[in-house]
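First comes the structure, then the notes that go with it.
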Amino acid sequence: MLKRDLLLAVRNYNDVLIGLFFFIVVVALIPISLNESTQILPRLAPGLVWIAALLSSILSLARLFEEDHADGSLDLILSSGSVYQCVLAKVAAHWLVTGLPLTLISPLIGLAYNLHGEQLSTLFMSLLVGTPVLSCIGAIGAALTTGLRSGSSIIALIVLPLNIPVMVYGAAAVRSSINSPDNVMTYLLLLTAMLIIAVVFAPIATAAALKISND
Amino acid sequence: MSFNWFKYSSPASFYGISHSIIKAASGIAIILCIVGLYWGFAKTPDILTDQKEYYRILFIHVPAAWMSMWLYVTLVFWAVTGLIFNTRLSYMMAAATAPTGALFAFLTIWTGAFWGKTSWGVWWDWDPRMTSMLILLFIYIGYIALQNSIADTRRADRASALLALVGVICIPVIYLSINCPDPYQCAALHQQSSLKQIEKNILIAMFIMLFATWAYSFAIITHRLRSIILEREKRTQWAQDIVRDKA
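Note that the protein sequences, when read in sequence, are chains A and B.
Residues 53 to 267 (the numbering used here) are what the first sequence spells out, left to right.
Residues 119 to 365 (the numbering used here) are what the second sequence spells out, left to right.
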């Protein structure tokens with residue numbers, strides 16, 4: 053399942069690039085629009101990079117179950133015994149094509165925002181642990197809106213408020229790497245705790261939502 | 119003696135008693151509101167610690183804030199009841215509760231803005247409590263939007279019920295993440311409840327207003343519920359009879 057989805061994503065590498073470039077463009081727009089000196093950029097970086105990551109993760113959510121719903125393979129998934137595993141595989145594939153590329157490029161973004169050394173690695177680590185949570189929670193929203201005409205716009209409304217804690221702690225980790233490096237580990241561990249809880253429970257909710265949507 | 123708990127879970131039998139519920143609840147709401155506001159304006163001191171007359175906004179602000187949270191709990195209760203027992207009326211209850219909850223969340227923020235302007239000199243501050251209320255409003259809006267954008271009623275009910283349930287699990291986490299973003303400062307940020315230090319008459323007026331808003335919610339939600347019942351049961355004979363009698 054994971055392999056199939058990844059294969060589909062790689063064949064349609066356009067989607068991966070769109071998500072990635074959306075992230076880069078948003079992150080680049082902010083210094084341009086603020087027209088501020090590079091002095092304050094490091095202070096803005098944690099929040100802005102995390103908001104851009106959140107938006108870019110939501111961008112591709114609408115299509116997560118849409119094609120499976122359209123061609124009927126969702127029925128097959130739901131009637132098979134392993135809905136949980138299938139959902140987990142879909143979420144993992146979503147993260148591998150949206151969250152991971154964005155995480156890999158984040159040190160470059162950090163450099164553009166005048167971060168260095170330890171701060172860059174914290175930014176990278178926080179996105180590495182945090183973006184899978186965004187995919188997990190986002191999948192619930194995607195499952196609830198599968199097959200709706202206004203699906204893509206409503207996903208953002210549902211998912212953004214639920215993702216606030218991830219963003220708060222992700223940005224806090226990067227911020228503390230600038231101000232008080234001793235605390236970084238605490239935030240990363242909190243993010244990891246969220247990741248574990250999300251990976252265990254979010255697919256259950258997603259599976260239940262898929263059953264409701266595909267009734 | 120056996121009592122049939124599910125008797126009034128049928129929309130038809132509930133519709134029968136709903137009118138008297140609305141009458142009683144709105145009567146109580148009006149009386150309590152008059153008494154509460156009178157008490158709040160006439161019997162209370164003009165100064166609360168360092169605040170002057172304007173502190174009286176709390177007679178609207180605090181009950182609205184409590185009701186907005188309490189209504190979310192009832193909404194989730196009905197949503198879960200619906201998911202478990204598959205009763206149509208429970209889903210209708212949840213759907214009828216959401217707009218009132220959202221209204222109270224909005225009222226809380228609005229009156230809070232007035233209070234903030236007079237007391238702190240700003241309309242809005244990113245204070246943890248204010249931010250949590252804003253996010254509660256967002257969650258209400260997400261619930262209503264999801265409910266409205268699904269044409270199939272059964273699916274709309276169950277999908278939004280699941281969303282409400284996910285929301286109720288996330289709310290404590292969201293609350294903590296805003297209230298206590300720094301694990302090292304939690305203790306310092308914790309705010310003691312100020313209920314015990316408040317003058318007795320202020321407290322009485324506040325609780326009268328709380329029951330007034332509660333009765334108001336009861337009346338208005340039942341009222342909305344009647345419309346939802348008629349709309350959804352429009353194919354049944356009894357609903358058509360009612361509409362014909364009214365016309």
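We treat Cβ as the ideally placed atom computed from N, Cα and C, and that holds for glycine.
Note that this is a predicted model, so its numbers are computed, not measured.
Proximal chain B residues relative to residue i, where beta-carbon distance stays under 7 Å
i	result
I192 of chain A	V284
A260 of chain A	L280
V226 of chain A	Under the 7 Å cutoff, chain B gives no residues; its nearest Cβ is about 13 Å from V226 of chain A.
Sequence-distant residues of the same chain with beta carbon closer than 7 Å to residue i, five excluded per side
i	result
W147 of chain A	T183, P184 and S187
H308 of chain B	Note that H308 of chain B scores a pLDDT of 40, beneath 50, so its modelled location is shaky and nothing firm can be said.
A214 of chain B	I339, R342, L343 and I346
A277 of chain B	L264 and I268
V240 of chain B	G234
A333 of chain B	A143, I146, A147 and L150
I322 of chain B	W157
V194 of chain B	A282, L283 and V286
H179 of chain B	T226, T229, G230 and W233
P83 of chain A	L93
Under 7 Å from the C-beta of residue i: neighbouring residues of chain A
i	result
F256 of chain B	P213
S264 of chain B	Per the sequence shown, residue 264 of chain B should be read as Leu rather than Ser. The contacting residues are L196, I206 and I210.
S267 of chain B	L200, S202 and I206
V291 of chain B	P217
G200 of chain B	None at all; the shortest Cβ gap to chain A is about 12 Å.
I139 of chain B	By Cβ distance, chain A contributes nothing, its closest Cβ being about 31 Å from I139 of chain B, past 7 Å.
Proximal chain B residues relative to residue i, where beta-carbon distance stays under 9 Å
i	result
D267 of chain A	D270, R272, R273 and R276
S204 of chain A	Neighbours of S204 of chain A on chain B: none; closest Cβ ~11 Å, over 9 Å.
I110 of chain A	Within 9 Å Cβ-Cβ: nothing; I110 of chain A doesn't reach chain B, min ~13 Å.
A114 of chain A	Near A114 of chain A there are no residues of chain B at all, since even the closest Cβ is about 13 Å away, more than 9 Å.
8 Å Cβ shell around residue i - same chain, five flanking residues per side excluded
i	result
R350 of chain B	P129, R206, M210 and T271
V191 of chain B	V286
S108 of chain A	G71, L72, F74, F75, V78, T150 and L154
L126 of chain A	F117, D120, T198, L262 and N266
L58 of chain A	A145, L148 and V149
Cβ-based neighbour list, residue i, same chain, cut-off 6 Å, excluding 5 preceding and 5 following
i	result
Q158 of chain A	Reading the sequence as shown, one finds Ser at residue 158 of chain A and not Gln. L175, F176 and L179.
A330 of chain B	A147, L150, C151 and G154
G200 of chain B	S208, Y209 and A279
CB contact below 8 Å: residue i versus chain E
i	result
Y136 of chain A	This model lacks chain E altogether; the protein chains it does include are A and B.
Chain A residues whose Cβ lies nearer than 9 Å to that of residue i
i	result
V153 of chain B	Here the premise fails: no neighbours, minimum Cβ distance about 37 Å.
Contacts that residue i makes with chain B (C-beta to C-beta distance below 8 Å)
i	result
V181 of chain A	Ordered by position in chain B, no residue passes the 8 Å Cβ test against V181 of chain A, which lies about 15 Å from the chain.
A264 of chain A	The question names Ala, but residue 264 of chain A in the sequence shown is Ile. Within chain B, the residues near I264 of chain A are R273, R276, A277 and L280.
Beta-carbon neighbours of residue i, restricted to chain A and to distances below 8 Å
i	result
A259 of chain B	Reading off the sequence shown, one finds Ile at residue 259 of chain B, where the question assumed Ala. The contacting residues are L209.
I253 of chain B	P213 and I216
_Segment contact, 8 Å Cβ cut-off, at least three pairs: the region 170-178 of chain B with the region 204-222 of chain B_ = They do not touch, by the three-pair rule.
*Does the region 136-144 of chain A come within contact of the region 210-218 of chain A, defined as at least 3 CB pairs closer than 8 Å?*
no
*Count the CB pairs spanning the region 114-122 of chain A and the region 247-254 of chain A that are closer than 8 Å, and state whether there are at least three.*
no
*Taking three-plus beta-carbon pairs below 8 Å as touching, is the region 226-244 of chain B in contact with the region 259-267 of chain B?*
Contact fails: fewer than three Cβ-Cβ distances are below 8 Å.
_Stretch pair the region 219-230 of chain B + the region 183-197 of chain B: three plus CB contacts closer than 8 Å_ = At 8 Å Cβ cutoff, the stretches touch.
*Examine the Cβ distances between the region 141-148 of chain B and the region 226-236 of chain A and report whether three or more of them are shorter than 8 Å.*
no
_Residue ranges of each alpha helix (DSSP H) within the region 92-161 of chain A, 4 or longer_ = 93-111, 118-123, 125-131 and 135-146
*Hey, which unbroken runs of the alpha helix (DSSP H) at 4 residues or more fall wholly within the region 208-284 of chain B?*
246-267
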